[in-house]
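Quick note, the sequence shown lines up with residues 1 to 275 if you use my numbering. Glycine included, C-beta positions come from ideal geometry on N, C-alpha and C. Heads up, the thing below is written out as structure tokens.
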Amino acid sequence: MLGDFPRSPRRGDIGFSGITSTLFGIAMSRMQKSLLGLAILIIAATWLTLVISQPTDSNWESLADSRSSTIALVGFLVPAILALIAIVPQLPVRTLSLIPVALALNIITGQVIGTMGLPLPLYMDSIGTVLVGALAGPWAGLVTGVLSSLVWGTFNPTVVPFAAAYAFVGVAAGLLRKLFVGAWWRVGGAGLVVGFITALLSAPVASFIFGGTAGTGTGLLVTAYRGLGFDQLTAVFLQSWTSDPIDKLIVFTIVWLVLRWLPKRTRVTFSPESK
């Protein structure tokens, strides 16, 4: 029978430091919190810039000729690096040793689904991220998501602007990790909600930077919605709201199954409450 994760520490401080320590499993210095806050602000500003300006000059192949593509790259890459600087030093070695395995899982499955011509409107590139988040907490999930986009981006640069979405999935899985010891339908429902929010983060990037065609199956779905008379942005949002919730439902359910198979001692070892 699957046991519970260790209980969170007693709430002794209701301030921001106490909240980050209790919910996220680690205490942060003022500098680290400042870096993380700056990263969040840059991501929000970049997202709003894309949504409000709705650029039409995107050219991912030549950043020098595309102001919007440059903004997206810098606006999502820089905060990703800031978040890593703030969080990685706080993670225990046992968690850091788990992340490379998760990266390989994310990149291999995502690359197969996204580039091998499979007509599936799914991604399946966050199984490792959700697994790390569910095991080791939201900060570890965030680092896994960000590193996935950066490492994968070394040979598939189109994933780099989606770093914020990858990071969000990891954080969400970590915050919801207690659900993974419950009924599968609760986990699946959480995956649907996470997928819906992820779609909000990623759809503007997919629409204004890549024209909504990043990925074979997802591109086909965008084309189908365009054929029904929707404009480009609406078609991409509809594709995202179709693909992302289903994708995350499947991913969360897979991780739920994996955690049921793992020994309790392994789960406790990687728990952020474990000392």
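For residue i and residue j, which I take to be in contact (beta-carbon distance under 8 Å), what is that distance rounded to the nearest angstrom?
i, j, result
"Val251", "Ser126", "6 Å"
"Tyr166", "Val146", "6 Å"
"Val78", "Ile42", "6 Å"
"Ile99", "Val159", "Ile99 to Val159, Cβ: 17 Å. No contact."
"Gly217", "Leu118", "6 Å"
"Phe155", "Ile197", "Not confirmed; about 28 Å, so no contact."
"Thr95", "Ala136", "5 Å"
"Leu220", "Pro121", "7 Å"
"Val151", "Ile107", "7 Å"
"Ala83", "Ala27", "Not a contact, Cβ separation roughly 17 Å."
"Phe76", "Ala206", "About 13 Å; that fails the 8 Å criterion."
"Leu259", "Gly195", "At roughly 19 Å, the Cβ-Cβ gap does not stay under 8 Å, so Leu259 and Gly195 are not in contact."
Taking all protein chains shown into account, decide if residue i is buried (16 or more other Cβ within 10 angstroms of its Cβ) or exposed.
i, result
"Gly170", "buried"
"Asp244", "buried"
"Val93", "exposed"
"Pro263", "exposed"
"Ser97", "exposed"
"Ile270", "Note on residue identity: the sequence assigns Phe, not Ile, to residue 270. Per the 10 Å Cβ criterion, buried."
"Thr266", "exposed"
"Thr223", "exposed"
"Leu103", "buried"
"Trp185", "exposed"
"Gln54", "exposed"
"Pro228", "Residue identity differs from the one stated: residue 228 is Leu in this sequence, not Pro. It is exposed - the Cβ of Leu228 has fewer than 16 other Cβ atoms within 10 Å."
"Trp261", "exposed"
"Val101", "exposed"
"Leu48", "exposed"
"Gly153", "buried"
"Gly37", "exposed"
If you compare alpha carbons, which of the options is closest to residue i?
i, options, result
"Leu175", "Thr129, Leu220 and Leu238", "Thr129"
"Ser29", "Gln90, Phe237 and Gly114", "Gln90"
"Ala68", "Ala45, Ala39, Ala80 and Thr218", "The sequence shown places Ser at residue 68, rather than the Ala named in the question. That would be Ala45, whose Cα lies nearest to the Cα of Ser68."
"Leu73", "Thr115, Phe208 and Ala183", "Phe208"
"Gln111", "Thr269, Pro204, Ser148 and Gly133", "Ser148"
"Val51", "Thr234, Thr154, Tyr225 and Gly137", "Thr234"
"Ala140", "Arg177, Asp57 and Ile107", "Arg177"
"Leu35", "Pro55, Thr56, Ile85 and Thr49", "Ile85"
"Asp247", "Trp261, Gly189, Ala134 and Ala80", "Gly189"
"Phe180", "Ser53, Ala199, Gln54 and Ile254", "Ile254"
"Trp241", "Thr70, Pro55, Ala27 and Leu201", "Leu201"
"Ala183", "Leu257, Trp152, Ala173 and Ser53", "Leu257"
"Leu192", "Ala172, Val205, Pro157 and Pro204", "Ala172"
"Ile71", "Thr109, Ile107, Phe162 and Ile113", "Phe162"
"Asp57", "Ala80, Val236, Arg226 and Gly211", "Gly211"
"Pro204", "Val187, Gly195, Asp231 and Val236", "Val236"
At the 7 Å Cβ level, is residue i part of the contact set with chain B, yes or no?
i, result
"Gln111", "Reference to chain B is not applicable here, since this structure consists of a single protein chain."
- Message: Please give the ranges of any alpha helix (DSSP H) in the region 52-103, keeping only runs that are unbroken, at least 4 residues long and fully inside the region.
- Response: The qualifying runs are 67-87.
- Task: Report the residue ranges of all alpha helix (DSSP H) runs contained in full by the region 106-190; include only those spanning at least 4 residues, in chain order.
- Result: The region 106-190 contains, as complete alpha helix (DSSP H) runs of 4+ residues, the segments 127-136, 138-152 and 163-175 (chain order).
- Note down, one range per segment and in chain order, each alpha helix (DSSP H) of at least 4 residues found wholly within the region 194-275. Runs of the alpha helix (DSSP H) inside the region 194-275: 216-227, 232-261 and 264-270.
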